[in-house]
Amino acid sequence: MITRTYSKVEEILKKYEYKKEMLIKILLEVQKEYRHIPKDVVYYIGTALGIPPAKIYGVATFYAQFSLKPKGEYTILICDGTACHMEGSMSLVKAIEEEIGIKPGEVTADLKFSLDKVGCLGACALAPAMVINDEVYGKLTPEQVKEILRKLRDRKEEEQ
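Offset between the sequence shown (1-based) and my numbering: plus 54.
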């Protein structure tokens, strides 16, 4: 079990003055800090704001941008909307599986990468497209995807 101090969560709660109506903004910041919304933090926030944890879970599961499972440092979103699918988005998913060994919905053991398929990124003119940490990549081939992942992995190793 993770032993966590809640000082960062307290900073976030104080920033929003412990207001229940700021729950979504609070959860967004918590997720940014932890790369997901941890169960123990849900209970902490619930106690601090006087909100039942079930209600917080309801909000966290209703909105697609929230995740209750850890995400990688590099969050990869592959578009599988109609345009991207027709242009070969599934071959990009296969390339990612080959390069870093994860399927959609999974995260690498080192928490460097996570992969999710989304219905549409709104970048149809760039099909097939993916987003990594808010950076959009378009008109991709499987080899280009592998090269992008190698550069990200190498960049991270150089920083360590």
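Here a beta-carbon is modelled for each residue, glycine too, at the ideal position from N, C-alpha and C.
Fair warning: this is a prediction, and the values are worked out from it, not measured in the lab.
Specify the secondary structure class of residue i as computed by DSSP and reduced to three states.
{"i": "residue 97", "result": "helix"}
{"i": "residue 166", "result": "coil"}
{"i": "residue 105", "result": "coil"}
{"i": "residue 115", "result": "helix"}
{"i": "residue 75", "result": "helix"}
{"i": "residue 171", "result": "strand"}
{"i": "residue 136", "result": "helix"}
{"i": "residue 70", "result": "coil"}
{"i": "residue 215", "result": "Shown here, the chain extends from 55 to 214; a query on residue 215 therefore has no answer."}
{"i": "residue 189", "result": "strand"}
{"i": "residue 14", "result": "Because residue 14 is not part of the residues shown, which for the chain are 55 to 214, the question remains open."}
{"i": "residue 131", "result": "strand"}
Which residues does DSSP list as the beta-bridge partners of residue i?
{"i": "residue 141", "result": "Answer is none; residue 141 lacks a bridge partner."}
{"i": "residue 160", "result": "169"}
{"i": "residue 59", "result": "None; residue 59 has no bridge partner."}
For residue i, count the other beta carbons within 10 Å of its own beta carbon; 16 or more makes it buried, fewer makes it exposed. Which is it?
{"i": "residue 67", "result": "buried"}
{"i": "residue 131", "result": "buried"}
{"i": "residue 20", "result": "Lying before the first or after the last residue shown, residue 20 is absent from the chain, which here runs from 55 to 214."}
{"i": "residue 125", "result": "buried"}
{"i": "residue 134", "result": "buried"}
{"i": "residue 106", "result": "exposed"}
{"i": "residue 163", "result": "exposed"}
{"i": "residue 184", "result": "buried"}
{"i": "residue 108", "result": "exposed"}
{"i": "residue 81", "result": "buried"}
{"i": "residue 122", "result": "exposed"}
{"i": "residue 165", "result": "exposed"}
{"i": "residue 179", "result": "exposed"}
{"i": "residue 143", "result": "buried"}
Does at least one heavy atom of the ligand SAM sit under 6 Å from the Cβ of residue i?
{"i": "residue 175", "result": "Looking at this structure, you won't find the ligand SAM or any other ligand, since it has none at all."}
Is the region 156 to 172 touching the region 106 to 116 in the sense that three or more CB pairs, one from each, lie closer than 8 Å? The region 106 to 116 makes no contact with the region 156 to 172: fewer than 3 CB pairs, one atom from each, lie closer than 8 Å.
Using 8 Å as the threshold, is the region 96 to 116 in touch with the region 58 to 77, meaning 3 or more CB pairs across them? Contact between the region 96 to 116 and the region 58 to 77 is present: 3 or more CB-CB pairs across the two stretches fall below 8 Å.
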